[in-house]
Amino acid sequence: MLRWPYTFAVALSAVVGATAIWASQHYDVPLRDPDGFLGPAYIRLPLIAVLFFAVGIVPSAIRNVGFRHSPAEVHRIWREEWNWQRVGNILAGLISFYICYVSYRNLKSDLPQVRSHRYDKELLDLDNWVSFGHDPARLLHDFLGTSFSAQVLSVIYVAYLPLIPLTLGAFLVWGKDMSLGAWYATALGLNWVLGVMSYYSLPTLGPAFYEPQRFLDLPDTSAAQLQRSLFRAAGRFYQDPSGGSTYGIAGFASLHVSVVVSACLFLRATRQRRVIQIIGWVYLSLVVLATVYFGWHYIADVIAGAFIGWAAVAIGAWATGNTKRQKRRKLEEGSVADGAAETPPRQDPTPGQVPAARPL
Numbered sequence: 021m022l023r024w025p026y027t028f029a030v031a032l033s034a035v036v037g038a039t040a041i042w043a044s045q046h047y048d049v050p051l052r053d054p055d056g057f058l059g060p061a062y063i064r065l066p067l068i069a070v071l072f073f074a075v076g077i078v079p080s081a082i083r084n085v086g087f088r089h090s091p092a093e094v095h096r097i098w099r100e101e102w103n104w105q106r107v108g109n110i111l112a113g114l115i116s117f118y119i120c121y122v123s124y125r126n127l128k129s130d131l132p133q134v135r136s137h138r139y140d141k142e143l144l145d146l147d148n149w150v151s152f153g154h155d156p157a158r159l160l161h162d163f164l165g166t167s168f169s170a171q172v173l174s175v176i177y178v179a180y181l182p183l184i185p186l187t188l189g190a191f192l193v194w195g196k197d198m199s200l201g202a203w204y205a206t207a208l209g210l211n212w213v214l215g216v217m218s219y220y221s222l223p224t225l226g227p228a229f230y231e232p233q234r235f236l237d238l239p240d241t242s243a244a245q246l247q248r249s250l251f252r253a254a255g256r257f258y259q260d261p262s263g264g265s266t267y268g269i270a271g272f273a274s275l276h277v278s279v280v281v282s283a284c285l286f287l288r289a290t291r292q293r294r295v296i297q298i299i300g301w302v303y304l305s306l307v308v309l310a311t312v313y314f315g316w317h318y319i320a321d322v323i324a325g326a327f328i329g330w331a332a333v334a335i336g337a338w339a340t341g342n343t344k345r346q347k348r349r350k351l352e353e354g355s356v357a358d359g360a361a362e363t364p365p366r367q368d369p370t371p372g373q374v375p376a377a378r379p380l
């Protein structure tokens, strides 16, 4: 069991899930499944897995035998290339990710009941000091403008919501190496867990929620609509914590940055196509710009998010046996095992028989 690459992810999801259940009972608030515009996660993730399964098998079947005989070819590919162990690993990755994410959202929602003090003034002063007395968001508004750039950066920021489960589905379903899918699923789960820990260690609202008047010159975008919905949900939560609203405002650290950093480092570590890696790093740069431009986070949040993203990939590599040292040890063990299998067993000479001489 300890050699199964999903052991750590399953254990992590069990611990954080139990913590979310305890917090729900302790603070007398219900556990909620965070719905988004893509629907509940427990529906969204299986659909993504089925989608990638279909995309991975159906075109190949049609290419092999044509459209008319493709159903039989799909059945053959399923029988030869898929088994219950592979399906079980995919389910383990999806379920552990789902539990970590839902627990993260519920523990994040409990934050106002646990810690009331906010450190926005301190981080805002730090932003001004790092920017030599200027407001970083205002500098970006003046440099990039507040019309076309705002619309583009808004799409970049909101695109994060479907991109992460899509990348998870791709690595879990299409990947032939079970440990790599486990590595990515574990890294994402760690992002949620380490992220909610950072929320509790240094609670903040974020510039747009702490001083919203500084962002009134921005046009109406999907990012601005998301901020308004979070404002309204927070107000309803304060009125009735046990109601149906979920509190979702927390600044330190930026999980947009942390998760995308993890994705970029994972793409690099697993030697994906260079163009995919470049797209990942470009997207990360735009996410960093967007997160400061719209006032979602302070500069310290971005730096802390980058550290969490790196730590999640590093811990995930160790937990799934994908560090360089672990891979080298596996290769050495495999070489020793192959050598032992190829060496014929030693036979003692029968009585009266002279053993053969060993070569010098």
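In the working numbering, the protein residues as written are 21 to 380. Virtual Cβ for every residue (Gly too), placed ideally from N, Cα, C.
Assumed close pair residue i, residue j - CB separation to whole angstroms, cut-off 8 Å
i: residue 303; j: residue 280; result: 6 Å
i: residue 311; j: residue 274; result: 6 Å
i: residue 48; j: residue 218; result: About 25 Å separates the two Cβ atoms, so there is no contact after all.
i: residue 28; j: residue 340; result: 7 Å
i: residue 70; j: residue 128; result: The pair is not a contact, with the Cβ atoms about 29 Å apart (cut-off 8 Å).
i: residue 266; j: residue 54; result: 6 Å
i: residue 278; j: residue 325; result: 4 Å
i: residue 144; j: residue 230; result: 7 Å
i: residue 37; j: residue 119; result: 5 Å
i: residue 81; j: residue 97; result: 6 Å
i: residue 239; j: residue 170; result: 5 Å
i: residue 51; j: residue 40; result: 7 Å
Opening and closing residue of the alpha helix (DSSP H) in which residue i lies
i: residue 299; result: 294 to 313
i: residue 288; result: 275 to 289
i: residue 329; result: 319 to 339
i: residue 97; result: 90 to 101
i: residue 39; result: 27 to 46
i: residue 218; result: 198 to 221
i: residue 162; result: 156 to 164
i: residue 187; result: 168 to 194
i: residue 255; result: 242 to 259
i: residue 133; result: 131 to 134
i: residue 228; result: 227 to 230
i: residue 150; result: 140 to 150
Top-ranked residue by Cα proximity to residue i, from the options
i: residue 399; options: 199, 267, 178; result: The displayed coordinates of the chain run from 21 to 380. Any statement about residue 399 would go beyond what the structure contains.
i: residue 63; options: 185, 141, 301; result: 185
i: residue 95; options: 246, 313, 77, 109; result: 77
i: residue 418; options: 235, 256, 140, 276; result: Residue coverage of the chain in this structure runs from 21 to 380, which leaves residue 418 outside it and unanswerable.
i: residue 315; options: 165, 351, 156; result: 156
i: residue 32; options: 313, 206, 305; result: 206
i: residue 286; options: 313, 244, 266, 331; result: 331
i: residue 193; options: 254, 226, 109, 266; result: 109
i: residue 115; options: 269, 201, 80; result: 201
i: residue 327; options: 231, 300, 211; result: 211
i: residue 300; options: 183, 145, 139; result: 183
i: residue 321; options: 104, 352, 43, 270; result: 270
i: residue 313; options: 258, 259, 168; result: 168
i: residue 268; options: 243, 323, 132, 309; result: 132
i: residue 221; options: 249, 174, 189, 272; result: 272
i: residue 42; options: 243, 91, 73, 126; result: 126
i: residue 297; options: 243, 187, 318; result: 187
i: residue 208; options: 329, 91, 323; result: 329
i: residue 317; options: 195, 239, 249, 146; result: 146
i: residue 180; options: 233, 276, 86, 258; result: 276
i: residue 233; options: 350, 35, 158, 260; result: 158
i: residue 243; options: 283, 100, 178, 45; result: 178
i: residue 46; options: 130, 256, 258; result: 130
Residue burial classification, residue i (beta-carbon count within 10 angstroms, cutoff 16)
i: residue 107; result: exposed
i: residue 228; result: buried
i: residue 295; result: exposed
i: residue 149; result: exposed
i: residue 252; result: exposed
i: residue 176; result: buried
i: residue 122; result: buried
i: residue 165; result: exposed
i: residue 203; result: buried
i: residue 225; result: buried
i: residue 57; result: Low confidence applies to residue 57: its pLDDT is 46, below 50, so where it sits in the model is not reliable enough to give any reading.
i: residue 307; result: buried
i: residue 134; result: exposed
i: residue 352; result: exposed
i: residue 113; result: buried
i: residue 223; result: buried
i: residue 163; result: exposed
i: residue 305; result: exposed
i: residue 92; result: exposed
i: residue 136; result: exposed
i: residue 138; result: buried
i: residue 195; result: buried
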